[in-house]
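Using this note's numbering, the letters of the sequence shown correspond one by one to residues 3 to 649.
All residues carry an ideal CB built from backbone N, CA and C; glycine is no exception.
Worksheet for the structure shown next.
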Amino acid sequence: MGTHAQGNKPRRRGRRRIVDYPRAGRSGVRRWLPSWRQLLGATGLLATAVATLFVCVYVSVDIPDENAAARREANVYYWSDGSQMVSTGTVNRQNVELNQIAPSAVDAVIAAENETFYEDAGVSFTGLARATVNMARGRETQGGSTITQQYVKNTYLSQDQTVTRKVKEFVIALKVDRKKSKGEILKGYLNTSWFGRGANGIEAAARAYYGIPAKELNPSQGAMLAAMLKGADLYDPAVGAANHERARQRWAWILDRQVAVGLMTKKERAKYRTFPEPRSRSRSTSLGGQTGYLVDVANRYLKQETGLTDEDLAHGGYEIHTTFDRTKVRRLERAVRRVVARDLAPKKRSADRHVQVGAASVRPSDGALVALYGGPDATTHFTNNADTSGVPVGSAFKPFVLAAALQHGVSAHEATAGGVAPVRDRAARVGQSVLADSRYEADGVLRRSGGEPDPDRPTLREALASGGNATYVRLGKDVGQDMVRRTAVATGLLRQSMARLEPTFSIGTSTPSAIRMATAYGTFANDGVRRDPYSVTKVVRNGETLPGLTPPSARRALDPQVAQEVADALRTAGKRLGVDVAAGRTSDQDRLRSAWFTGFSKDLSTAVTLFRLRPGAPQLLPLSGVAGKKSERGNVLPPRIWKEYER
Numbered sequence: 003m004g005t006h007a008q009g010n011k012p013r014r015r016g017r018r019r020i021v022d023y024p025r026a027g028r029s030g031v032r033r034w035l036p037s038w039r040q041l042l043g044a045t046g047l048l049a050t051a052v053a054t055l056f057v058c059v060y061v062s063v064d065i066p067d068e069n070a071a072a073r074r075e076a077n078v079y080y081w082s083d084g085s086q087m088v089s090t091g092t093v094n095r096q097n098v099e100l101n102q103i104a105p106s107a108v109d110a111v112i113a114a115e116n117e118t119f120y121e122d123a124g125v126s127f128t129g130l131a132r133a134t135v136n137m138a139r140g141r142e143t144q145g146g147s148t149i150t151q152q153y154v155k156n157t158y159l160s161q162d163q164t165v166t167r168k169v170k171e172f173v174i175a176l177k178v179d180r181k182k183s184k185g186e187i188l189k190g191y192l193n194t195s196w197f198g199r200g201a202n203g204i205e206a207a208a209r210a211y212y213g214i215p216a217k218e219l220n221p222s223q224g225a226m227l228a229a230m231l232k233g234a235d236l237y238d239p240a241v242g243a244a245n246h247e248r249a250r251q252r253w254a255w256i257l258d259r260q261v262a263v264g265l266m267t268k269k270e271r272a273k274y275r276t277f278p279e280p281r282s283r284s285r286s287t288s289l290g291g292q293t294g295y296l297v298d299v300a301n302r303y304l305k306q307e308t309g310l311t312d313e314d315l316a317h318g319g320y321e322i323h324t325t326f327d328r329t330k331v332r333r334l335e336r337a338v339r340r341v342v343a344r345d346l347a348p349k350k351r352s353a354d355r356h357v358q359v360g361a362a363s364v365r366p367s368d369g370a371l372v373a374l375y376g377g378p379d380a381t382t383h384f385t386n387n388a389d390t391s392g393v394p395v396g397s398a399f400k401p402f403v404l405a406a407a408l409q410h411g412v413s414a415h416e417a418t419a420g421g422v423a424p425v426r427d428r429a430a431r432v433g434q435s436v437l438a439d440s441r442y443e444a445d446g447v448l449r450r451s452g453g454e455p456d457p458d459r460p461t462l463r464e465a466l467a468s469g470g471n472a473t474y475v476r477l478g479k480d481v482g483q484d485m486v487r488r489t490a491v492a493t494g495l496l497r498q499s500m501a502r503l504e505p506t507f508s509i510g511t512s513t514p515s516a517i518r519m520a521t522a523y524g525t526f527a528n529d530g531v532r533r534d535p536y537s538v539t540k541v542v543r544n545g546e547t548l549p550g551l552t553p554p555s556a557r558r559a560l561d562p563q564v565a566q567e568v569a570d571a572l573r574t575a576g577k578r579l580g581v582d583v584a585a586g587r588t589s590d591q592d593r594l595r596s597a598w599f600t601g602f603s604k605d606l607s608t609a610v611t612l613f614r615l616r617p618g619a620p621q622l623l624p625l626s627g628v629a630g631k632k633s634e635r636g637n638v639l640p641p642r643i644w645k646e647y648e649r
């Protein structure tokens with residue numbers, strides 16, 4: 003029994019493995035197939051690891067500050083008719099509130115990009131999975147993002163196509179969806195998305211494609227813009243026939259999709275069967291040509307009136323509505339170019355080299371600056387010739403001397419029908435066409451003209467048209483040069499542009515700009531009421547209009563009868579010059595290095611100046627021989643430019 007017991011000791015079992023894999027007791031293929039317990043355990047372990055990793059990433063990734071690109075906006079300038087002139091800045095964007103976007107355009111974007119936007123948690127798990135798979139295959143990671151994710155990418159992250167960026171986008175989108183309202187997210191997305199044609203955001207896109215603000219988009223136009231979110235390089239209809247067809251198909255699909263998801267009725271959809279062709283891709287954001295001069299004038303006026311600084315404007319986001327009339331600006335530029343090309347030959351005549359022109363048009367009734375010519379191109383010729391200083395105005399200054407004489411009298415004697423009488427009573431003086439039709443006789447006394455014209459002694463009226471410098475030198479002395487200066491400033495010229503009070507002061511040694519000359523002559527047209535020039539009517543930022551911008555108030559500069567007498571004398575001068583408006587100009591007697599012409603009607607006052615200035619040189623060059631011998635000193639050119647402009 004004992005021997006038998008020893009021979010039957012239990013066998014020692016092997017140590018049990020933690021993971022029975024390959025599976026013991028199995029053979030062949032079955033040895034390598036995991037059991038259901040093993041599959042369940044591995045799945046649970048993986049899920050736990052992924053969940054732990056996600057929690058770690060979620061906790062470690064915060065919502066960052068907005069990137070610089072998302073904060074940058076353009077300043078957009080508009081013509082007087084409301085159409086866009088230019089956008090300035092590195093980013094063409096104008097942020098708008100959601101209520102400033104047509105609801106149908108918003109619906110089109112939601113239907114096209116993320117129909118579950120209002121219900122989802124801000125993320126797409128399939129999109130993240132697709133990005134992971136694409137990365138494993140060596141492809142780009144894009145595709146499948148929600149509107150919230152795209153907003154996060156545009157606002158907080160870069161455009162890099164990496165899994166790291168995609169994971170951050172996913173996590174931040176979850177947090178943003180919990181922190182911000184759907185309206186805030188949608189507004190941010192629509193303001194930061196790329197629509198092509200240089201347009202960041204739907205407001206810039208509506209301007210670029212249809213020339214209207216986003217709030218005026220109709221459902222068809224909104225669907226077309228929503229199609230651009232797919233990739234403007236492939237869908238902008240203006241690029242080519244293939245793009246046009248792709249855009250048309252996606253436009254139709256988006257409209258149909260809105261019906262399918264309940265954002266548009268079938269009846270409404272039936273209204274839009276014709277593709278809404280956008281405007282051509284001709285909108286330029288360049289500051290070349292006259293645009294740079296216009297923007298510069300508007301900015302300076304804006305800073306002066308509102309207190310905005312260059313730094314404020316550099317931040318962008320301002321919608322600046324100007325007084326500039328697009329048609330008149332282009333017509334004025336065309337007039338200058340035509341006359342210069344026709345009458346100047348710089349390759350043949352050295353006197354025609356370095357000729358420069360400046361011009362400006364002001365509306366007398368309210369002072370609006372409607373057009374200007376600052377030079378050939380603002381990107382190459384940096385000085386604005388319409389707003390320059392240092393160019394003497396010559397005989398075009400004489401009307402201010404005449405106005406001073408009519409308004410304040412002369413210190414010696416006033417002409418009367420019967421002879422000479424002391425000047426004391428303004429009421430007896432104003433309204434009588436006596437002084438303008440008087441001349442200085444040989445004895446130095448100013449008397450009313452009663453006979454044939456005398457070229458050696460022109461009347462004050464005649465001396466406005468040609469010659470007569472000596473007459474106005476004497477008149478300025480009799481009126482008082484200080485009084486002449488005060489009258490000129492009262493009508494609209496700037497005090498700092500006035501020359502020294504010396505004998506030639508009354509015949510135009512002062513150097514006003516073309517803008518100010520047009521303004522001052524406009525006072526004569528406006529019955530003696532002065533309106534200072536202005537160039538901005540309204541500025542809007544973030545949907546709010548900036549305060550402090552109203553047209554300059556009216557100021558009485560001259561008695562109405564005085565202004566009318568000067569205007570009548572200038573009409574006589576205009577007829578002598580071959581124009582049917584009141585006009586003043588430099589004359590053949592002027593020896594100054596400039597040529598001027600200023601003419602006005604009731605609706606428009608325009609000043610044109612011409613001079614020669616070598617780049618980098620401080621002194622004006624002589625005008626002798628400019629435009630040939632018949633021109634004398636180039637003074638035939640400003641009237642020609644004015645006539646060409648007024649056609």
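(request) Could you have a look at Ser-89 and say whether DSSP puts it in helix, strand or coil? (result) In the sequence shown, residue 89 corresponds to position 87, counting from 1. In this structure, Ser-89 counts as strand in the three-state DSSP scheme.
(message) Here's the rule: buried if 16 or more other CB atoms are within 10 angstroms of the residue's CB, otherwise exposed. What is Thr-390?
(response) Here residue 390 corresponds to residue number 388 of the sequence shown, with the count starting at 1. Result: buried.
(message) On the DSSP letters alone, give me the boundaries of the beta strand (DSSP E) that Ser-555 sits inside.
(response) In the sequence shown, the residue the question calls residue 555 occupies position 553. No beta strand (DSSP E) holds Ser-555; DSSP gives it neither H nor E.
(request) Give the range of the alpha helix (DSSP H) segment to which Trp-255 is assigned. (result) As a first step, residue 255 must be located in the sequence shown, where it is residue number 253. Element bounds for Trp-255: 243–262.
(message) Please state whether the Cβ-Cβ distance between Val-395 and Pro-514 is less than 7 Å.
(response) As a position in the sequence shown, residue 395 is number 393, starting the count at 1. As a position in the sequence shown, residue 514 is number 512, starting the count at 1. Cβ distance < 7 Å, so Val-395 and Pro-514 count as in contact.
(message) Quick check on the burial criterion: 16 or more other C-beta atoms within 10 angstroms. Buried or exposed for Val-372?
(response) Numbered from 1 along the sequence shown, position 370 holds the residue referred to as residue 372. Buried is the call here.
(request) Assess, as a yes-or-no matter, whether the region 597–617 is touched by the region 540–553 under the definition of 3 or more beta carbon pairs within less than 8 Å. (result) no
(message) Using a Cβ distance threshold of 8 Å, determine whether the region 270–285 contacts the region 244–259, with at least three qualifying pairs required.
(response) yes
(request) Would you mind reading off the limits of the alpha helix (DSSP H) that contains Gln-483? (result) The residue you call residue 483 lines up with position 481 of the sequence shown. Gln-483 -> alpha helix (DSSP H) spans 483–493.
(message) Looking only at its chain, what residues have a beta carbon closer than 8 Å to the beta carbon of Arg-642, apart from the 5 residues adjacent to it on each side?
(response) As a first step, residue 642 must be located in the sequence shown, where it is residue number 640. Excluding residues within five positions, the ones whose Cβ falls inside 8 Å are Val-341, Asp-345.
(request) Can you give me the Cβ contacts of Gln-102 inside the same chain, cut-off strictly under 8 Å, excluding the 5 residues immediately before and after it? (result) Taking the sequence shown and counting its residues from 1, one reaches residue 102 at position 100. The residues are Glu-205, Pro-215, Ala-216, Lys-217, Gly-545.
(message) Can you tell me where the alpha helix (DSSP H) holding Tyr-303 begins and where it ends?
(response) Taking the first residue of the sequence shown as 1, we reach residue 303 at position 301. Looking at the DSSP string, the run of the alpha helix (DSSP H) that includes Tyr-303 is 293–308.
(message) Whole angstroms are fine: how far does the CA of Val-299 sit from the CA of Glu-226?
(response) Reading the sequence shown from its first residue, position 224 is the one you call residue 226. Reading the sequence shown from its first residue, position 297 is the one you call residue 299. Checking the sequence shown, residue 226 turns out to be Met, not Glu. Between Met-226 and Val-299, the C-alpha separation is close to 36 Å.
(request) In angstroms with no decimal places, state the Cα-to-Cα distance between Gly-478 and Arg-336. (result) On the sequence shown, residue 478 is found 476 positions in, with the first residue counted as 1. On the sequence shown, residue 336 is found 334 positions in, with the first residue counted as 1. Taking the straight line joining both Cα atoms gives about 38 Å.
(request) Give the secondary structure of Ser-106 by DSSP, where H, G and I count as helix, E and B as strand, and everything else as coil. (result) For the purposes of this step, residue 106 is identified with residue 104 of the sequence shown, where counting begins at 1. Ser-106: helix per DSSP, three-state reduction.
(message) Helix, strand or coil for Val-422? Go by DSSP, reduced to three states.
(response) Along the sequence shown, one-based indexing puts residue 422 at 420. Note that Val-422 scores 39 on pLDDT, short of 50, meaning its location in the model is unreliable and no value can be drawn from it.
(request) Flag this pair as yes or no: are the beta carbons of Ser-626 and Thr-325 separated by less than 7 Å? (result) Numbered from 1 along the sequence shown, position 624 holds the residue referred to as residue 626. Numbered from 1 along the sequence shown, position 323 holds the residue referred to as residue 325. No, they are not a contact pair.
(request) On a CA-only basis, which of Val-173, Gly-213, Lys-155 is nearest Asn-193? Give me that one, please. (result) Stepping through the sequence shown from its first residue, residue 193 is reached at position 191. Nearest of Val-173, Gly-213, Lys-155 to Asn-193, Cα basis: Lys-155.
(request) Reducing DSSP to helix, strand and coil, say where Gln-1 ends up. (result) Only positions 3 to 649 of the chain appear in the structure, and residue 1 is not among them; the question remains open.
(request) Within its chain, find whatever has a CB closer than 7 Å to the CB of Glu-115; leave out the 5 residues flanking it on each side and keep chain order. (result) Against the sequence shown, residue 115 aligns to sequence position 113. Only residues of its own chain outside the window of five on either side were considered, and among them Ile-149, Leu-231 have a CB closer than 7 Å to the CB of Glu-115, listed in chain order.
(request) Determine the DSSP secondary structure at Trp-196, reduced to helix, strand or coil. (result) Residue numbering aside, residue 196 sits at position 194 when the sequence shown is read from its first letter. Correct three-state label for Trp-196: strand.
(request) Tell me whether Phe-384 is buried or exposed, calling it buried when 16 or more other Cβ atoms sit within 10 Å of its Cβ. (result) Locating residue 384 in the sequence shown gives position 382, counting from the first residue. Exposure of Phe-384 is indicated by the presence of fewer than 16 other C-beta atoms within 10 angstroms of its C-beta.
(request) Please report the Cβ distance between Ala-569 and Gly-586, rounded to the nearest whole angstrom; I am assuming they are in contact, meaning their Cβ atoms lie under 8 Å. (result) Within the sequence shown, residue 569 is the residue found at index 567, counting from 1. Within the sequence shown, residue 586 is the residue found at index 584, counting from 1. Between Gly-586 and Ala-569 the Cβ distance is about 11 Å, and since that is not below 8 Å, they are no contact.
(request) Would you give the residue range spanned by the alpha helix (DSSP H) that Arg-271 belongs to? (result) As a first step, residue 271 is located in the sequence shown; it is residue number 269 there, counting from the start. First-last of the alpha helix (DSSP H) with Arg-271: 268–271.
(request) Taking 7 Å as the cut-off, decide whether the C-beta atoms of Ala-522 and Gly-494 are in contact. (result) Looking up residue 522 in the sequence shown gives position 520. Looking up residue 494 in the sequence shown gives position 492. Yes, the Cβ-Cβ distance between Ala-522 and Gly-494 is below 7 Å.
(request) Give the DSSP-derived three-state secondary structure of His-695 in the structure shown. (result) This structure cannot settle anything about residue 695, because the visible part of the chain is limited to 3 through 649.
(request) For Tyr-237, count neighbouring C-beta atoms within 10 Å of its own C-beta (all shown protein chains included) and say buried if the count is 16 or more, exposed if not. (result) One-based indexing of the sequence shown puts residue 237 at position 235. Per the 10 Å Cβ criterion, buried.
(request) Could you tell me the boundaries of the beta strand (DSSP E) in which Lys-540 lies? (result) Walking along the sequence shown from the start, residue 540 turns up at place 538. 538–543 is the extent of the beta strand (DSSP E) around Lys-540.
(request) With DSSP as the reference, please indicate the residues paired to Tyr-375 in a beta bridge. (result) Locating residue 375 in the sequence shown gives position 373, counting from the first residue. According to DSSP, Tyr-375 bridges with Ala-361.
(message) Assuming the contact rule is C-beta atoms closer than 8 Å, Val-564 and Ala-405 should be a hit. Round their C-beta distance to whole Å, please.
(response) In the sequence shown, counting from the first residue as 1, residue 564 sits at position 562. In the sequence shown, counting from the first residue as 1, residue 405 sits at position 403. Rounded, the Cβ-Cβ distance is 6 Å, consistent with contact.
(message) Restricting to Cα atoms, I'd like to know which of Ala-516, Gln-566, Arg-502 is closest to Gly-530.
(response) Your numbering for residue 530 matches position 528 in the sequence shown. Ranking the options by Cα distance to Gly-530, first place goes to Gln-566.
(message) Quick check: the Cα distance between Ala-520 and Thr-311, rounded to an integer number of angstroms?
(response) On the sequence shown, residue 520 is found 518 positions in, with the first residue counted as 1. On the sequence shown, residue 311 is found 309 positions in, with the first residue counted as 1. Distance between the alpha carbons of Ala-520 and Thr-311: 28 Å.
(message) Using the Cβ count rule (16 or more neighbours within 10 Å means buried), how would you classify Ala-438?
(response) For this step, residue 438 is matched to residue 436 along the sequence shown. Buried, by the Cβ-count rule.
(request) Provide the residue span of the alpha helix (DSSP H) that contains Thr-2, from first to last. (result) An answer regarding residue 2 cannot be provided, because it is not within the stretch 3 to 649 covered by the chain.
(request) Would you identify the three-state DSSP class for Asn-386, choosing helix, strand or coil? (result) Working through the sequence shown from its first residue, we reach residue 386 at position 384. The answer is coil: DSSP assigns Asn-386 none of H, G, I, E or B.
(message) Going by DSSP in three states, Ser-607 sits in which element: helix, strand or coil?
(response) One-based indexing of the sequence shown puts residue 607 at position 605. If DSSP states are grouped into helix, strand and coil, Ser-607 belongs with the strands.
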